[in-house]
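Colleague:
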Ligand SMILES: Nc1nc2c(ncn2[C@@H]2O[C@H](COP(=O)(O)OP(=O)(O)O)[C@@H](O)[C@H]2O)c(=O)[nH]1
Ligand SMILES: [Mg+2]
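Below, the structure written as structure tokens:
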């Protein structure tokens, strides 16, 4: 119903949802990505919303970020939020094995809610700057991401390492998936299978 | 570029009126006063807006309901836009949102409304169609309404209770973290999970740090108390040693995270410094008291002068002792090593294990690694830290110097009294261990080198090492000198004659072996050095010293040889020399006569000069000793041996010739012989001549057995002296009878004949002088002289043969004729 109202030149909107246990740095990553700032103090999030225009591979797009609460107190309302997401950054802290274990649950919840095995999804190991406190090896994380068939990236919201990469990679996945589904709608299944192979 | 504000972030995305909202975006103004308006969901919230930065405003949401934009208005940019939206929730609905009860109540209310509507329709119908039909209905409706009201009341009541409970649960849920925190903190502290405690504390602090609520305050202050306990525990652990660097760093970080006042890292450095210092001094003291106890014990036991250890150890070189040490088991090692060697081993361990951590900690400290990112490194502490490091290394080096090389401590410095506390011990007790000591210090040095220490810190150990090396060098040589000086005790007088060049005993080779062994050990352990150590040879002074040391060690043996023969009445040691060599084989071996000992030693001297010294020179140069110095010291020592050889030669000669000379006169005038009263024509050479020749031949035989090459010069000298004596005796004769003159001619001729081969011009002149003092012979007398000589030649063939170069002259005629 609102399609008519929207200006056609409005750039494509990709909806990203930050998931992961509390304290792993979802908000920090978001704020770093959005405003180049690092927040030292920890303030539990309920649900925050951000939207930013960026140029992705030469094309202007909007990235909409929903930063959610990791605390289980709010687990019940997560289903609602997840439903609106087009891509997920599933964050854990490499200094906290429990947060890594929790990613399994988040993954399952997302797959259940979205009912889509190929939903754009990145496994993100944050706080990579705290190398001396590392509790989750790169190999273990990589193994899990391979098993899920998703990329794994290690970030630091503090140093901004790989922060853009995480968001851009996800946005790219969302974008290419949208094109693909459009293409699928238009073209024959034969062609689309060709695409998939490519 | 547009300055229009744009809101791109909202936290949280929804809330009841009055919710604290953080708004982020761009162009949000440059100060509080730049804010002209702030509208959330259509409601102005400027009143509570708190401008934080150009990107951030914090406010409380107003009463706007439903989803809506967040619009910021600034002086610079005017009315802005928003890419995100806030959803205002209805206050009353807030707590009920998730409530199934509310849904029921809603439907009941709707039903009541519907019924009411229905009633109104009915009433209008009644007015149109009459009351009867509706009366029953109205009753029913009232009843319904009553029931509904009751139901509604019930539900409302239940809802209130549910609300109350839910609110309580919500509060508990949100704050149970805080309520449990004191207990959890306590438990985690006990478990040592300090990270968790710190994390929770940070969280609590940011949530409740400035709470006004009494209950929270109470819990929070309890947490604070626990945290204070933790600070104290950590501060204690921080300075408790020993520990690991990682642990220290962790504690320091924890303390910083807990916002502990003071400078924990610096405190830790100080504690570590004190700890290492304590370890070093404690090790020194415990070893020292052990040594002093041993020392007292030894002093009481060994009341006899000259401890037995010393004299038996005299028979082994330091190098041999060193080799024995190197081959001993750890247990033997521990038992036999001098206390101060064990001390050094211990000190080295202490430094190598503890110092690197302290240094690394200081590096981390000044690198800012340990400080919270907000704090600044206090670079004024740099000198103080360096002071600590230098002090540690200084004490380390001081203790070692005091124990091993006290002579290198500045006698006027403050350190001398602090470190020069060890009793004097004989050099030979420590020397064999010095290479090992060097090895320990060197390994320490290598550990330090890896740390990238400042140069003056490294230099403390570097100079220590250098001084130790020089000491080791001189000690090993000095000990070998001592050893070689006492080598005379091992002389067994067994001569090996390899050629005409002369014979030698085993002593020169022992000497050579010992010197080479020492040189080799010094070369391997001292001269070569290790990583980043200058070669001692490159040091001009040391190079010269090495020349002197080599010289000393070589001439030390000459000293031994001298002691062997030229007895010094002041030296008591020499007395027991013959005994020692006697006992060598268990059975008593007859010692050669003193004269033969002279000869043998003399020959050893020559052998040293001829064979050993050149070979030694080559070996030393091959081993890497500086050529010029080696050659010089070899030449100088060769002279020493030459002098000794000459002295011995003279001594031998004297020893042998004195009795001969004394004998000549006695024997000549035996039985009141008078040259002036000889009646009979002489028919034989007189027996004093035969005695002379016999004596000479004895010497000849003696020398041949040791060093045939010595004979010409030796016998020549003897003949000279004999000639001199003959001339003296003959010229002193007051008168000769005719037969007396003939007899004297015969005697002189016989001596000439026998000793012809060894006749020097001097000797010839003497004999000439004697012959000229005699009256001339008649030709008849000459004939009888020749007869006598012929028969002398025949009789004495074998004796004479030895004077004629071991070749018995086949034809005596010619020789006799020539005389
Ligand atoms: N050192 C470091 N700290 C981080 C990083 N990301 C987040 N943090 C800190 O971790 C705490 C929790 O971060 P936050 O973003 O609120 O976590 P969230 O609950 O996942 O949103 C905060 O104190 C952050 O400062 C990071 O990459 N490195
Ligand atoms: Mg958060």
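Residue numbers (the UniProt record's numbering), protein chains in the order written: chain A, 1 to 198; chain B, 1 to 819.
In this text, a Cβ means the ideal position worked out from N, Cα and C, and glycines have one as well.
(1) Say the cut is 7 Å; is the CB of residue 160 of chain B nearer than that to a heavy atom of ligand 1?
(2) Please name the residue, chosen from B:558, B:782, B:662, that lies closest to residue 608 of chain B on a Cα-to-Cα basis.
(3) For residue 774 of chain B, does the count of other Cβ atoms within 10 angstroms reach 16, so buried, or fall short, so exposed?
(4) Between residue 284 of chain B and residue 405 of chain B, how many whole angstroms is the CB-CB distance? I'm expecting something under 8 Å.
(5) With DSSP run on the structure shown, which of helix, strand or coil describes residue 582 of chain B?
(6) Taking CB distances under 8 Å as the criterion, tell me whether residue 45 of chain A reaches chain B.
(7) Between which residues of its own chain and residue 758 of chain B is the CB-CB distance below 6 Å, once the five residues before and five after are set aside?
(8) Let me confirm a value: residue 55 of chain A is counted as buried when at least 16 other C-beta atoms fall within 10 Å, else exposed. Which label applies?
(9) Taking the runs of the alpha helix (DSSP H) that are 4 residues or longer, which of them lie wholly in the segment 753-799 of chain B?
(10) Considering only C-alpha positions, which residue in the set B:256, B:619, B:179 is nearest to residue 515 of chain B?
(11) At the 8 Å Cβ level, is residue 310 of chain B part of the contact set with chain A, yes or no?
(12) Can you give me, in chain order, the residues of the UniProt domain "IPT/TIG" (5-86) of chain B that have a beta carbon less than 7 Å from any beta carbon in chain A?
(13) Can you name the residues that DSSP bridges to residue 90 of chain A?
(14) Ignore the nearest five residues each way along the sequence and tell me which others in residue 477 of chain B's own chain have a CB closer than 6 Å to its CB.
(15) Among the candidates B:692, B:644, B:683, whose CA atom is the shortest distance from the CA of residue 659 of chain B?
(16) Does residue 380 of chain B pass the burial test, meaning 16 or more other C-beta atoms within 10 Å, or should it be called exposed?
(17) When burial is assigned at 16 or more other CB atoms within 10 Å of the CB, is residue 132 of chain A buried or exposed?
(18) Check whether the Cβ of residue 49 of chain A lies closer than 7 Å to any heavy atom of ligand 2, and answer yes or no.
(19) Taking 8 Å as the CB-CB cut-off, is residue 161 of chain B touching chain A?
(20) Looking only at its chain, what residues have a beta carbon closer than 8 Å to the beta carbon of residue 188 of chain B, apart from the 5 residues adjacent to it on each side?
(21) With distances taken from CA atoms, which of B:457, B:328, B:451 is nearest residue 383 of chain B?
(22) Find the residues of chain B that neighbour residue 52 of chain A, judging by a C-beta separation of less than 9 Å, and give them in chain order.
(23) Would DSSP call residue 8 of chain B helix, strand or coil?
(24) Does any residue of chain A bring its CB to less than 8 Å from the CB of residue 187 of chain B?
(25) Which bits of chain B does residue 164 of chain A rub up against, with CB to CB less than 7 Å?
(26) Which of the three DSSP states, helix, strand or coil, is assigned to residue 494 of chain B?
(27) Could you give the distance in angstroms between the alpha-carbon of residue 226 of chain B and the alpha-carbon of residue 233 of chain B?
(28) With DSSP run on the structure shown, which of helix, strand or coil describes residue 149 of chain B?
(29) Please determine if the segment 699-714 of chain B and the segment 636-644 of chain B are in contact, where contact requires at least 3 C-beta pairs separated by less than 8 Å.
(30) Find out if the Cβ-Cβ distance for the pair residue 51 of chain A, residue 83 of chain B is shorter than 8 Å.
(31) Measuring CB to CB, does residue 483 of chain B end up less than 8 Å from residue 317 of chain B?
(32) I need the DSSP call for residue 67 of chain B, collapsed to helix, strand or coil.
(33) Name the chain A residues that come within less than 7 Å of residue 202 of chain B, Cβ to Cβ?
(34) Quick one, which of B:674, B:491, B:22, B:724 has its alpha-carbon nearest residue 733 of chain B's?
(35) So is the beta-carbon of residue 410 of chain B under 7 Å away from any non-hydrogen atom of ligand 1?
(36) Within 8 Å of any Cβ in chain B, is that where the Cβ of residue 234 of chain A sits?
Modeller: So, from the listed chains and residues:
(1) As a working note, residue 160 of chain B is residue 160 in the second chain. Outside the cutoff, so no.
(2) Your numbering for residue 608 of chain B matches position 608 in the second chain. Nearest C-alpha to residue 608 of chain B: B:558.
(3) Taking the first residue of the second chain as position 1, residue 774 of chain B is located at position 774. Answer is buried; the Cβ neighbour count reaches 16.
(4) Within the second chain, the letter at position 284 stands for residue 284 of chain B. Within the second chain, the letter at position 405 stands for residue 405 of chain B. Actually they are not in contact, since the Cβ atoms of residue 284 of chain B and residue 405 of chain B sit about 15 Å apart, beyond 8 Å.
(5) Residue 582 of chain B sits at position 582 when you count from the first residue of the second chain. Confidence is the limiting factor: at residue 582 of chain B the pLDDT is only 42, short of 50, which leaves the residue's position unreliable, though a coordinate-based value still follows. In this structure, residue 582 of chain B counts as helix in the three-state DSSP scheme.
(6) The residue you call residue 45 of chain A lines up with position 45 of the first chain. Cβ-Cβ to chain B under 8 Å: yes for residue 45 of chain A.
(7) Within the second chain, numbered from 1, the residue matching residue 758 of chain B stands at position 758. Contacts found: 715, 716, 719.
(8) Taking the first residue of the first chain as position 1, residue 55 of chain A is located at position 55. The residue is exposed, with fewer than 16 neighbouring Cβ atoms inside 10 Å.
(9) 761-772, 779-795
(10) Translated into positions along the second chain, residue 515 of chain B becomes position 515. Comparing alpha-carbon positions, the option among B:256, B:619, B:179 lying closest to residue 515 of chain B turns out to be B:619.
(11) Along the second chain, read from residue 1 onward, the residue named residue 310 of chain B stands at position 310. Here the model assigns residue 310 of chain B a pLDDT of 40, short of 50, so the residue's position is not dependable and the matter cannot be decided.
(12) 8, 9, 10, 11, 12, 13, 24, 55, 83, 84
(13) Position 90 of the first chain, counted from the first residue, corresponds to residue 90 of chain A. Answer is A:19, A:123.
(14) In the second chain, counting from the first residue as 1, residue 477 of chain B sits at position 477. Closer than 6 Å at the Cβ level, and outside the excluded window around residue 477 of chain B, lie 549, 553.
(15) To locate residue 659 of chain B, count along the second chain from 1; it is residue 659. Of the listed residues, the one whose Cα sits closest to residue 659 of chain B is B:692.
(16) Here residue 380 of chain B is taken as the residue at index 380 of the second chain, counted from 1. Flag for residue 380 of chain B reads exposed.
(17) Here residue 132 of chain A is taken as the residue at index 132 of the first chain, counted from 1. Counting Cβ neighbours within 10 Å, residue 132 of chain A comes out exposed, since fewer than 16 surround it.
(18) Within the first chain, the letter at position 49 stands for residue 49 of chain A. The beta carbon of residue 49 of chain A sits no closer than 7 Å to any heavy atom of ligand 2.
(19) Within the second chain, the letter at position 161 stands for residue 161 of chain B. No, residue 161 of chain B does not count as interfacial toward chain A.
(20) Position 188 of the second chain, counting from 1, holds the residue named residue 188 of chain B. Contacts found: 194, 196, 197, 200.
(21) In the second chain, residue 383 of chain B corresponds to position 383, counting from 1. Each of B:457, B:328, B:451 was checked against the Cα of residue 383 of chain B, and the nearest Cα belongs to B:457.
(22) On the first chain, residue 52 of chain A is found 52 positions in, with the first residue counted as 1. Within 9 Å Cβ-Cβ: 8, 9, 83.
(23) As a working note, residue 8 of chain B is residue 8 in the second chain. Correct three-state label for residue 8 of chain B: strand.
(24) Taking the first residue of the second chain as 1, we reach residue 187 of chain B at position 187. No - not a single Cβ of chain A is within 8 Å of the one on residue 187 of chain B.
(25) In the first chain, the residue the question calls residue 164 of chain A occupies position 164. Simply none; closest approach about 16 Å.
(26) On the second chain, residue 494 of chain B is found 494 positions in, with the first residue counted as 1. In the structure shown, residue 494 of chain B sits in coil (DSSP, three-state: anything other than H, G, I, E or B).
(27) On the second chain, residue 226 of chain B is found 226 positions in, with the first residue counted as 1. On the second chain, residue 233 of chain B is found 233 positions in, with the first residue counted as 1. About 10 Å.
(28) What you label residue 149 of chain B is simply residue 149 of the second chain in a count that begins at 1. Of the three classes helix, strand and coil, the one that applies to residue 149 of chain B here is helix, per DSSP.
(29) Touching, no.
(30) Residue 51 of chain A sits at position 51 when you count from the first residue of the first chain. Residue 83 of chain B sits at position 83 when you count from the first residue of the second chain. Going by C-beta atoms, residue 51 of chain A is nearer than 8 Å to residue 83 of chain B.
(31) Residue 483 of chain B sits at position 483 when you count from the first residue of the second chain. Residue 317 of chain B sits at position 317 when you count from the first residue of the second chain. Yes; because the gap between Cβ atoms is below 8 Å, this pair is in contact.
(32) As a position in the second chain, residue 67 of chain B is number 67, starting the count at 1. Strand.
(33) Taking the second chain and counting its residues from 1, one reaches residue 202 of chain B at position 202. Correct list: 42.
(34) The residue labelled residue 733 of chain B in the question sits at position 733 within the second chain. Checked all of B:674, B:491, B:22, B:724; the closest Cα to residue 733 of chain B is B:674.
(35) Translated into positions along the second chain, residue 410 of chain B becomes position 410. No, the beta carbon of residue 410 of chain B sits no closer than 7 Å to any heavy atom of ligand 1.
(36) For chain A, the structure presents residues 1 to 198; residue 234 of chain A sits outside this window and is missing.
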